[in-house]
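Chemist:
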DNA sequence: ACGATATACCTCGCCTGTCAAGGTATCTCA
DNA sequence: TGAGATACCTTGACAGGCGAGGTATATCGT
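Chains as they are written, first to last, in my numbering: chain A, 4 to 113; chain B, 4 to 113.
(1) If you measure from the beta carbon of residue 55 of chain B to each beta carbon in chain A, is any gap under 8 angstroms?
(2) In this structure, what does DSSP give as the bridge partners for residue 68 of chain B?
(3) Please return the same chain residues whose Cβ sits closer than 7 angstroms to the Cβ of residue 84 of chain B, not counting the five positions on each side in sequence.
(4) Measure the Cβ-Cβ separation of residue 23 of chain B and residue 68 of chain B and say whether it is below 8 angstroms.
(5) Say whether the region 88-105 of chain A touches the region 9-20 of chain A, bearing in mind that this needs 3 or more beta-carbon pairs closer than 8 angstroms, one atom from each stretch.
(6) According to DSSP, is residue 29 of chain A helix, strand or coil?
(7) May I have the straight-line CA-CA distance separating residue 52 of chain A from residue 8 of chain B, to the nearest angstrom?
(8) Around the Cβ of residue 34 of chain A, are there at least 16 other Cβ atoms within 10 angstroms (buried) or fewer (exposed)?
(9) Would you say residue 45 of chain A and residue 79 of chain A are within 8 angstroms of each other, going by their C-beta atoms?
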């Protein structure tokens, strides 16, 4: 497990957008990529993942389309929008700031 | 504002415990210390702060007692328990791990 | 004398994101 | 044929953050 829900909370959207910057992808693949990148230490729960997709699409940060595989299970692909790229940059900045702040606050002063 | 609720979520308890490691303190002072340490960029909302105190006390990580000031408003002081110190160490480790994980995941791969 | 501001505490109820649990359908391989 | 992987989805419970509201005391300027 390692990372609990509340520690990751608020990063889910950023993490998903990050996976879509380079190329379009679909739910299952995105989660596999996350699992790989973290060497098995973290994966999004499916319910969380799909909730996030809905949220991001409503917000106009991603758009979706069905893949045209003619074999295997159908896939819904997601594409990051220009607004999504802006939002991602913003979120990364916020994370950098938050990281420094948290770092400062969990440090025990001598 | 800078840090939104969901980014800080899950760190509230750790932050409060960190302020109590060195010495006992009370709500208002803890929040002021946080404000100082972050140069005004962050403070816990009062409702969040007091909710956290209740939670931490229920969990046995802090204990509380009324100060004996004979002037000014009454103060409820909080003291970290041995279990609280252990929990704090654990929480800091989890944060270190989470930080590395998030860092890896919000990075855009070339 | 009086209002504003700071100190200091507290609770209620809403909102939002996570996730356990359940479901569907297709393909591969033993 | 049946287990396991791929791939999607929804519902409802739960928990933490926080806006809004409340109480009481002390200080300081006018």
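Note that beta-carbon positions come from the ideal geometry of N, C-alpha and C, so glycine has one too.
Modeler: Straight from the coordinates:
(1) Numbered from 1 along the second chain, position 52 holds the residue referred to as residue 55 of chain B. Chain A, which has no Cβ nearer than 8 angstroms to the Cβ of residue 55 of chain B, makes this no.
(2) Residue numbering aside, residue 68 of chain B sits at position 65 when the second chain is read from its first letter. DSSP lists B:80 as partners of residue 68 of chain B.
(3) Along the second chain, read from residue 1 onward, the residue named residue 84 of chain B stands at position 81. Cβ within range, chain order: 63, 64, 65, 66.
(4) Against the second chain, residue 23 of chain B aligns to sequence position 20. Against the second chain, residue 68 of chain B aligns to sequence position 65. Their beta carbons are not under 8 angstroms apart, which means residue 23 of chain B does not touch residue 68 of chain B by this criterion.
(5) yes
(6) Counting from 1 along the first chain, the entry for residue 29 of chain A is found at position 26. In this structure, residue 29 of chain A counts as strand in the three-state DSSP scheme.
(7) Counted from its first residue, the first chain places residue 52 of chain A at position 49. Counted from its first residue, the second chain places residue 8 of chain B at position 5. Going from the Cα of residue 52 of chain A to the Cα of residue 8 of chain B covers about 20 angstroms.
(8) Walking along the first chain from the start, residue 34 of chain A turns up at place 31. So residue 34 of chain A ends up on the buried side.
(9) As a first step, residue 45 of chain A must be located in the first chain, where it is residue number 42. As a first step, residue 79 of chain A must be located in the first chain, where it is residue number 76. Contact flag unset, no.
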